[in-house]
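**Student:**
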Amino acid sequence: MDDTKAQQMIDRMRADREPGEPRPQPDVHALILALWARNEDLQARVASLEAAQAARFSKIG
């Protein structure tokens with residue numbers, strides 16, 4: 001997820017709050033979104049490595 005989309009989500013959350021409600025901490029929300037994106041990136045890398053490993057083993061066997 002890029003920073004623009006993360007900022008748009010933060011802005012939407014701010015717009016949805018009631019007057020007088022404490023505003024969300026954007027740094028915390030941005031951190032969560034960044035970690036989520038990093039997790040997705042790592043999962044894609046693992047899947048790619050597993051596929052490469054399976055291809056190597058299929059050539060051996």
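So for the sequence shown, the UniProt record's numbering puts the first residue at 1; every next one is plus one.
Built from N, CA and C at the ideal position, the CB exists for glycine as well.
Does the Cβ-Cβ distance between L31 and A6 come in under 7 Å?
**Tutor:** Stepping through the sequence shown from its first residue, residue 31 is reached at position 31. Stepping through the sequence shown from its first residue, residue 6 is reached at position 6. No, they are not a contact pair.
**Student:** For A44, which residues of its own chain have a beta-carbon under 7 Å away from its beta-carbon, when the five flanking residues on both sides are left out?
**Tutor:** For this step, residue 44 is matched to residue 44 along the sequence shown. So the list is empty, once near-sequence residues are dropped.
**Student:** Where does E40 sit, in a helix, a strand or coil, going by DSSP?
**Tutor:** Counted from its first residue, the sequence shown places residue 40 at position 40. It is helical.
**Student:** State the Cα-Cα distance for the pair Q8 and A15, rounded to the nearest angstrom.
**Tutor:** Locating residue 8 in the sequence shown gives position 8, counting from the first residue. Locating residue 15 in the sequence shown gives position 15, counting from the first residue. Between Q8 and A15, the C-alpha separation is close to 10 Å.
**Student:** Quick test of your reading: H29 and I60, contact by CB under 8 Å. State the CB separation rounded to the nearest angstrom.
**Tutor:** As a position in the sequence shown, residue 29 is number 29, starting the count at 1. As a position in the sequence shown, residue 60 is number 60, starting the count at 1. Not really, about 47 Å apart at Cβ, beyond 8 Å.
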